[in-house]
Amino acid sequence: MTSQTVTDAPRDLIDAALAARDKAYAPYSKFYVGAALRTEGGQIIAGCNVENAAYPEGVCAEAGAISAMVLSGETKFDEIVVVGLGDVACTPCGGCRQKIREFTGSDATIYIINDAGKTLLTLTREELIPHSFGPENLK
Ligand code: THU
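433 is the number that the working numbering gives to position 45 of the sequence shown; each next residue is one higher, with no gaps.
See the structure below:
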């Protein structure tokens with residue numbers, strides 16, 4: 389395993405991700421997740437996970453933030469902060485990695501923080517989802 393350099397996540401995105409996590413609707417897993425991204429245009433957009441009684445139909449925090457970004461008229465972001473529960477790094481699920489891939493450059497930064505706001509992991513998009521399939525593959 390390679391060791392990663394941890395660079396602290398920006399304070400404004402940390403605050404937005406933690407505030408979003410407070411809004412999470414996760415009565416089934418009780419695993420509350422928040423995400424906040426900064427768009428190319430400089431907006432901070434957040435999301436939380438939203439579950440429902442048909443368990444597989446829940447939506448991840450990252451997916452919620454990305455949907456809100458597209459609705460706001462933007463389709464590119466440079467950095468995203470994700471926070472789960474406690475001290476275990478809440479790394480994005482496979483589906484969210486692909487969603488992040490669609491709207492970022494390979495050098496975008498993904499920060500995983502703990503619920504005290506401490507940065508646990510700092511990854512480039514390429515590290516998060518190497519050798520990814522993207523829009524270029526369809527050309
Ligand atoms: N979850 C997220 O929102 N983002 C992740 O990166 C990993 C998992 C959610 C999905 C589900 O609501 C709960 O966390 C437990 O898996």
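Every residue gets a Cβ at the ideal spot worked out from N, C-alpha and C, and that includes glycine.
| Check | Outcome |
| --- | --- |
| Rounded separation between D503 and L401 - CA only | 13 Å |
| Delimiting residues of the alpha helix (DSSP H) encompassing C478 | Unbroken run through C478: none, as it is neither H nor E. |
| Buried/exposed call for Y499, threshold 16 Cβ in 10 Å | buried |
| Reference L509; option with closest CA among G472, R409, C436 | G472 |
| Test item: CB-CB of E450 and K411 under 8 Å | no |
| Reduced DSSP secondary structure (H/G/I, E/B, other) of I517 | coil |
| Buried or exposed by the 16-neighbour rule on C-beta atoms within 10 Å, applied to P523 | exposed |
| Reduced DSSP secondary structure (H/G/I, E/B, other) of D466 | strand |
| Distance cut-off 7 Å: E439 Cβ against heavy atoms of the ligand HEM | Looking for the ligand HEM in the displayed structure turns up nothing; the ligands present are the ligand THU. |
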